[in-house]
Amino acid sequence: MKALLALLLLLAGPGFAAPAKAKPAKPTVSATTTGDRGVSASAETPRSSAADDRVPLDLKLPKPAFIGTPRNVPAGTTVEKVSGKLRPPFRVPPGTVNLAAGLPAGAGGSEPLVGEAKLITDGDKEATDGSYVEFGRGLKSVTIDLGANGELAAILVWHYHGDPRVYHDVVVQVADDPDFITNVRTLYNNDADNTAGLGVGRDREYFETYEGRLIDAKLVKARYVKLWSNGSTADEMNRYTEVEVYGRPVK
Amino acid sequence: MSAMPRARKKAQPAVSRRDFLASAALAGASLILPGRTRAAPASAGAAKGSAGDIKVGLIGGGSQGRTLLVAAVKIPGVKFAAVADIWPYHSRYAANILKEYGHPAAVYEDYREMLAKASLDAVLIATPDWVHAEQTIAALRAGVHVYCEKEMANTVGDARAMVKAAAETGKLLQIGHQRRSNPRYRHAESLVNGEGVLGRITHVYGQWNRPKPLEQGWPKGSDLDAAALARWGYGSMEQLRNWRWYRKYASGPIGDLGSHQLDVFNWFLRVPPVSVLAAGGADVQPEHEWGDYTMGIYEWRPPTGPVRGYYQVLSSTSHGGYYEVLMGEGGSLEISEDPKVGFFYREPQAQRRQWEDEASRVSKMGRDAIELKIGETRKEAKRSRRAIEAEADARKPLHQPHLENFFDAIRGKVALTCPASEAFATAVTALRTNDAVAASTPLALAPAEFVP
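These protein sequence lines are chains A and B, in that order.
1 is the number of the first residue of the first sequence in the numbering used here; add one for each residue after it.
1001 is the number of the first residue of the second sequence in the numbering used here; add one for each residue after it.
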């Protein structure tokens, strides 16, 4: 009834005049940290920086494309509840940069349905056509060659944040060789039933948001980063909008 | 956790596809009666089961077109063969998705060439509102059944011409008000009009509040040149990508979103409204031709007495989301396409149904609400086959049941749940709401306006 009264008042008076134009939203710049649990980097992960030297990681986030808590949490999954809060700052060693920026990303021979693999590391994280590459159905992976070993602090991935969707079997691995045979370490795995065959994952599924997913890399040293996914609650295809690998070159 | 099942069984034709579809469509056409919205069993003699693939083309490979593709591509006996879109980025994207599912599709810039060359049985149309009539009428006259997204058209005249073309050609024209095939909505409608759980309905309310929409861009290097844009009626890539903001191309928020929910009211009340008073404008994004708020007050007059209704669509806040409420002397019903929103509230003095004893309950704003679970809120046995099937259908992608209804109607197995002749009333309701905004005064809606 409040709305009805408001409408009647609107029609009765000079309320049709449009208020001043609101300022357009600006891209948010925010420091972030992990809300993830169960990160499974190996126990011998090197720690070359003292924790108290660390500084907040600066991230340039895209415009939020949807706002609010998604309602349709799929039944029978491990999807974590959306807190509605921004990620707290994530601290990294000084000198940490995005080592993957502009580097070519490989897709293991998968032909994109739309876009190009280079969109994965081009810095454009917006949820709009032209910002993402989409691969076909089933388990797909993308690999980034950092060119040299890096000491990795965090990996961020935006699959697609234009609608509230959950990607399945998200696995993030690092290795010393492009074929992922030598010194393979799994940093994140939410494949609870081992559909991907990469081991049972204990991490949670999650709704994609404009903040992306931050995976604590625990300062692991590696040259190759591989990300897997297996369709989403939206459809069976696999989108990648952006991947960032934050770390420092190993001298 | 794996995604959806991947296996797809290809139907084996038992008779020639064209022969079967020609006879089945005739059988189906006889089932479509004025004012009839429920799916009907096939008439005697109508073929049963899949006797041949339905060869389908897509006109419009944008996000809504791709949503329809993904929902339809696994329906048994449906074979996509062609895609038409004026923008190669979209046509290639849609064709690649079809290829991924084993449906190699020819790509066309001009839908007219597709209709002439692709030998189709049906098309799905998911293009801007202003070309729906042109494309639908051309397809119908080419002998092709049509599933066209709402809003039917952005003028009443165009919508009426679409209904007329369907009648003249005898081809099916389904409009994309997918709630009409949604098992949860169909169950709710049967409770309201079958069991009469609301008693006399007195008021309805609905809303679709969403965040401020972002401007749609396009990939570098994918621009159509000025000549191509002009040939297809667009002044710029920005207009093509953000067509919903322009009066030439779209029907405004009441057509984009409100139409779905006004259709629910028209469907449940079984009559169109008799008046509308509305306000609208562009407070938040005044640079848009279509506004970011529309609020309407309606009156319906079913035989049980007047029904007063209020509806709002806001493109500046997502508060409260989207849902419809019907209120009556016996109770109220709240439902949304969001499957978590479906509740029945019985008035204390109203008749108690036997199924209430077994139904799930939740507390909603201090009231005892019965959850509208299909298997629990019905006269039939809780685990009846019908209930189990309906619950399974309710878990499909939102558009799939409506597409299944379209393809089953082509086969003559059912009637369309949203034939253009009925969707026309909703198009008039939405488009006349825009007229009421412009007039700033109540508009009487004569019954003749709703006659196609």
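Ideal Cβ placement from N, Cα and C applies to all residues, glycine included.
Just how far apart, CA to CA, sit residue i and residue j?
i: A:V166; j: A:A175; result: 26 Å
i: B:G1049; j: B:K1379; result: With a pLDDT of 35 at B:G1049, under the threshold of 50, the modelled position of that residue is not reliable, and no figure is offered here.
i: B:Q1312; j: B:P1452; result: 26 Å
i: B:F1265; j: B:V1204; result: 8 Å
i: A:E242; j: A:D122; result: 7 Å
i: B:I1137; j: B:G1328; result: 41 Å
i: A:M237; j: A:G231; result: 5 Å
i: B:Q1261; j: B:V1341; result: 14 Å
i: B:A1390; j: A:V82; result: 30 Å
i: A:T195; j: A:T186; result: 16 Å
i: A:D191; j: B:R1179; result: 34 Å
i: B:A1425; j: B:F1450; result: 5 Å
i: B:R1353; j: A:E205; result: 41 Å
i: A:D163; j: A:P249; result: 35 Å
i: B:K1248; j: B:I1254; result: 15 Å
i: B:A1081; j: B:D1225; result: 28 Å
i: B:L1443; j: B:Q1135; result: 31 Å
i: A:F207; j: A:R213; result: 9 Å
i: B:G1217; j: B:S1318; result: 23 Å
i: B:R1270; j: B:P1302; result: 7 Å
i: B:L1191; j: B:L1326; result: 12 Å
i: B:A1014; j: B:Y1101; result: Low per-residue confidence applies at B:A1014: pLDDT is 34, beneath 50, and the placement is therefore not dependable, though the value from the model is reported in the following sentence. Roughly 23 Å between the two C-alpha positions.
i: A:F180; j: B:K1212; result: 44 Å
i: A:P94; j: A:G147; result: 21 Å
i: B:D1393; j: A:D124; result: 38 Å
Identify, in the order they occur along the chain, each residue of the same chain with its Cβ nearer than 7 Å to the Cβ of residue i, setting aside the five sequence neighbours on each side.
i: B:V1362; result: A1369 and E1371
i: B:E1376; result: W1355, E1358, A1359, S1360 and K1382
i: B:R1395; result: none
i: B:E1189; result: W1267 and F1268
i: A:G35; result: Low confidence applies here, because A:G35 scores a pLDDT of 31, under 50, leaving its location unreliable and the question unanswered by this model.
Hey, is residue i's beta-carbon within less than 8 Å of any beta-carbon in chain B?
i: A:K63; result: yes
i: A:D122; result: no
i: A:R137; result: yes
i: A:T182; result: no
i: A:T128; result: yes
i: A:D216; result: no
i: A:L198; result: no
For a test of your reading of the model: does the CB of residue i fall under 7 Å from any non-hydrogen atom of the ligand FMN? Yes or no.
i: B:Q1207; result: No copy of the ligand FMN appears in this structure; indeed no ligand is present at all.
Would you mind working out which of the options sits nearest residue i, comparing C-alpha positions?
i: A:V114; options: B:E1289, B:Y1093, B:V1146 and B:V1056; result: B:Y1093
i: B:G1221; options: A:V220, A:F207, A:V245 and A:E116; result: A:E116
i: B:D1292; options: B:S1316, B:S1275, B:V1307 and B:V1276; result: B:S1316
i: A:G108; options: A:K226, A:E211, A:R239 and A:A234; result: A:K226
i: A:Y210; options: A:P56, A:P104 and A:Y240; result: A:Y240
i: B:H1177; options: B:G1280, B:V1437, B:S1236 and B:C1418; result: B:C1418
i: B:D1338; options: B:G1157, B:I1086, B:P1183 and B:L1115; result: B:P1183
i: B:G1366; options: B:Y1345, B:L1224, B:Q1349 and B:E1100; result: B:Y1345
i: B:Q1285; options: B:L1214, B:K1364, B:A1081 and B:L1269; result: B:L1214
i: A:V220; options: A:L198, A:P88 and A:Y246; result: A:Y246
i: B:R1112; options: B:A1133, B:A1139 and B:W1130; result: B:A1139
i: A:L103; options: A:G95, A:P62, A:I120 and A:E80; result: A:I120
i: B:L1445; options: B:V1276, B:L1403 and B:E1334; result: B:V1276
i: B:Q1349; options: B:K1364, B:F1343, B:G1331 and B:S1336; result: B:G1331
i: B:H1132; options: B:A1116, B:L1115, B:L1120 and B:N1154; result: B:N1154
Assuming residue i contacts residue j (C-beta within less than 8 Å), just tell me the rounded distance between them.
i: B:M1295; j: B:A1278; result: 6 Å
i: B:M1152; j: B:A1159; result: 4 Å
i: B:A1118; j: B:Q1064; result: So it is not a contact: roughly 21 Å between Cβ atoms.
i: B:A1448; j: B:V1163; result: At roughly 14 Å, the Cβ-Cβ gap does not stay under 8 Å, so B:A1448 and B:V1163 are not in contact.
i: B:H1288; j: B:W1243; result: Their Cβ separation, rounded to whole angstroms, is 11 Å, which puts B:H1288 and B:W1243 out of contact at 8 Å.
Within the same chain, show all residues whose beta-carbon is closer than 8 Å to that of residue i, passing over the 5 residues directly before and after it, in chain order.
i: B:F1406; result: A1122, H1145, Y1147, L1172, Q1174 and L1416
CB-CB under 6 Å to residue i, same chain, minus the five flanking residues each way: which ones, in chain order?
i: B:V1083; result: L1058, G1061, S1091, A1094, A1095, A1105 and V1107
i: B:Y1089; result: S1222
i: A:Y188; result: V172, D203 and I215
i: B:L1240; result: Y1234
Does residue i have its Cβ less than 8 Å from a Cβ in chain A?
i: B:S1002; result: Low local confidence applies: a pLDDT of 40 at B:S1002 is under 50, so the model's placement there is unreliable, with the coordinate-based value given in what follows. At least one chain A Cβ lies under 8 Å of B:S1002.
i: B:A1007; result: With a pLDDT of 30 at B:A1007, under the threshold of 50, the predicted position of this residue should be treated as unreliable, and no value is reported.
i: B:K1364; result: no
i: B:P1096; result: Reading off the sequence shown, one finds Asn at residue 1096 of chain B, where the question assumed Pro. Yes, its Cβ sits closer than 8 Å to a Cβ of chain A.
i: B:L1398; result: no
i: B:Y970; result: The question about residue 970 of chain B has no answer here: the residues shown for chain B are numbered 1001 through 1452.
i: B:P1034; result: Annotation note: pLDDT 32 at B:P1034 (below 50); position unreliable, coordinate value reported separately. It does not: the Cβ of B:P1034 has no partner Cβ on chain A nearer than 8 Å.
i: B:E1149; result: no
i: B:E1219; result: It should be pointed out that residue 1219 of chain B corresponds to Pro in this sequence rather than to Glu. B:P1219 counts as touching chain A.
i: B:L1262; result: no
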